[in-house]
Amino acid sequence: MYFIKLFFIILAIYIPVSCVQEADVQDQQVSDNGKASSLIDGQKLYAKLCAGCHGRGGKGTKQGPPLIHKIYEPSHHNDASFYRAVKKGVQAHHWQFGNMPPIENISDSDMSTIIFYVRHQQRKVGIK
Ligand code: HEC
Numbered sequence: 000m001y002f003i004k005l006f007f008i009i010l011a012i013y014i015p016v017s018c019v020q021e022a023d024v025q026d027q028q029v030s031d032n033g034k035a036s037s038l039i040d041g042q043k044l045y046a047k048l049c050a051g052c053h054g055r056g057g058k059g060t061k062q063g064p065p066l067i068h069k070i071y072e073p074s075h076h077n078d079a080s081f082y083r084a085v086k087k088g089v090q091a092h093h094w095q096f097g098n099m100p101p102i103e104n105i106s107d108s109d110m111s112t113i114i115f116y117v118r119h120q121q122r123k124v125g126i127k
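Okay, so the sequence shown: first residue is 0 according to numbering that gives the first Met the number 0, each after it adds one.
Right under this line is the structure:
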């Protein structure tokens with residue numbers, strides 16, 4: 000009788016604990032998938048709207064500077080400066096490429112996806 004009671008007590012403790020662990024793992028998978036898909040979205044938006052000047056993967060072109068560059072690290076050009084650049088354009092000041100025109104019709108959520116992608120590209124080469 001004692002062992003049966005003990006068995007149920009252990010079961011009562013074990014079931015909730017194992018459920019919580021499982022839920023954590025599922026959350027993790029969902030958020031990893033979320034990350035992977037927003038990286039792909041960010042890459043597509045970037046390719047369409049920014050790569051013409053800032054180059055594939057952020058490496059720069061004759062029309063614009065690389066964004067994968069130390070001067071664009073988060074502590075020098077934070078995310079707000081990306082929003083500002085796109086909304087208001089940029090007066091040439093770091094380079095000799097001329098001004099960046101404002102880019103029309105980009106939603107804040109598309110911007111945050113683009114920035115997520117650019118920061119990921121920066122981190123890949125050690126720019127943090
Ligand atoms: C027509 C070309 C062109 C396009 C398209 C373009 N840029 Fe730029 N961008 C430039 C140039 C040129 C500069 C450099 C200005 C300078 O000399 O500092 C620049 C600078 C920037 C800067 C630095 C701003 C600062 O404060 O110094 C950011 C951030 C930026 N661009 C983000 C973007 C993003 C994100 C996109 C796409 C949504 C984009 N740009 C599209 C030409 C472009």
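By construction, the Cβ of each residue, glycine as well, lies at the ideal position given by its N, Cα and C atoms.
Note that this is a predicted model, so its numbers are computed, not measured.
What distance in whole Å lies between the Cβ atoms of Tyr82 and Met99, which are believed to be in contact at a cut-off of 8 angstroms? Within the sequence shown, numbered from 1, the residue matching residue 99 stands at position 100. Within the sequence shown, numbered from 1, the residue matching residue 82 stands at position 83. The pair is not a contact, with the Cβ atoms about 13 angstroms apart (cut-off 8 angstroms).
Could you tell me the boundaries of the alpha helix (DSSP H) in which Ser108 lies? Numbered from 1 along the sequence shown, position 109 holds the residue referred to as residue 108. It spans 107-123 - the alpha helix (DSSP H) in which Ser108 sits, taken as one unbroken run.
Keeping to the same chain, check which residues put their C-beta closer than 6 angstroms to that of Asp26; ignore five residues upstream and five downstream. On the sequence shown, position 27 is the one that residue 26 refers to. In this prediction, Asp26 scores a pLDDT of 49, lower than 50, which makes its location untrustworthy; no coordinate-derived value is stated.
Jot down the residue ranges of each uninterrupted beta strand (DSSP E) in the segment 31-76, minimum 3 residues, whole runs only, in chain order. The qualifying runs do not exist here; there are none.
Once the 5 residues before and after Asp78 are set aside, which same chain residues still bring their CB inside 7 angstroms of it? As a position in the sequence shown, residue 78 is number 79, starting the count at 1. These residues qualify, in order along the chain: Ile114.
Given the structure, does Ala35 come close to the ligand MN, in the sense that its CB is under 7 angstroms from one of the ligand's heavy atoms? Judged by which ligands are present, the ligand MN is missing from the structure shown, whose ligands are the ligand HEC.
Is Phe141 near the ligand HEC, going by C-beta to nearest heavy atom under 7 angstroms? Since the first and last residues shown for the chain are 0 and 127, residue 141 lies out of range.
Across which residues does DSSP place Val89 in a beta bridge pair? Residue numbering aside, residue 89 sits at position 90 when the sequence shown is read from its first letter. Under DSSP, Val89 forms a beta bridge with Met99.
Between Pro64 and His92, how many whole angstroms is the CB-CB distance? I'm expecting something under 8 angstroms. Indexing the sequence shown from 1 puts residue 64 at position 65. Indexing the sequence shown from 1 puts residue 92 at position 93. Taking C-beta atoms under 8 angstroms as the contact rule, Pro64 and His92 fail to qualify, at a distance of about 11 angstroms.
Return yes when the C-beta of Ala84 is under 7 angstroms from any heavy atom of the ligand HEC, and no when it is not. Taking the sequence shown and counting its residues from 1, the one referred to as residue 84 is at position 85. Indeed, a heavy atom of the ligand HEC lies less than 7 angstroms from the Cβ.
What's the C-alpha gap between Leu38 and Lys4? Here the question's residue 38 lines up with position 39 in the sequence shown. Here the question's residue 4 lines up with position 5 in the sequence shown. Straight-line measurement puts the Cα of Lys4 at about 52 angstroms from the Cα of Leu38.
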